[in-house]
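*Asks:* Numbering (the working numbering), first residue to last: 6 to 141.
Note that beta-carbon positions come from the ideal geometry of N, C-alpha and C, so glycine has one too.
Here the structure is a predicted model, which means the values were calculated and not measured.
1) Is the number of C-beta pairs between the segment 71-91 and the segment 48-56 that are closer than 8 Å three or more?
2) Quick check on the DSSP output: the alpha helix (DSSP H) that includes residue 33 runs from which residue to which?
3) Name the two residues that bound the continuous beta strand (DSSP E) containing residue 122.
4) Which one or two residues does DSSP pair with residue 106 in a beta bridge?
5) Could you spell out where the beta strand (DSSP E) holding residue 63 opens and where it closes?
6) Helix, strand or coil: which one does DSSP assign to residue 113?
7) Verify whether the separation of the beta carbon atoms of residue 56 and residue 16 is less than 7 Å.
8) Can you find the residues in the same chain that come closer than 7 Å, C-beta to C-beta, to residue 37, ignoring five residues on each side of it along the sequence?
9) Given a threshold of 16 other Cβ atoms within 10 Å of its Cβ, counted over all protein chains shown, does residue 110 qualify as buried or as exposed?
10) With a 10 Å radius around its C-beta and 16 neighbouring C-beta atoms as the bar for buried, classify residue 114 as buried or exposed.
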């Protein structure tokens, strides 16, 4: 799975609660206007709680999900300035362009915790002749 975004299960539940509340209101108030996405979003904002984004689930979808880099940056900015922050980085320098290896960082959650592993595969180096033929 390529993690492209995050979904927040609690937010989805709150959004559904908002929609249900509007539908219930509409049942008892027949003159109420039809429910729009904008109305659901406004009611959702009103019902949102501070910890609704505590739990995030990675997804390979782009639609309906939040960008994980934006979520990470927001979290980092929310930390106190004087609090030391551990830096976890993985440098993956793929030399695939020059016929080297293509590397991937595989992160898995297990019962024992989170583990990571770098996997690499050999890249095929195209000769100049086949590159010219493809460009035609």
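*Replies:* Concretely, from the data shown:
1) no
2) 14-33
3) 118-127
4) Residue 106 is bridged by DSSP to 127.
5) 62-64
6) strand
7) no
8) 30, 31
9) exposed
10) exposed
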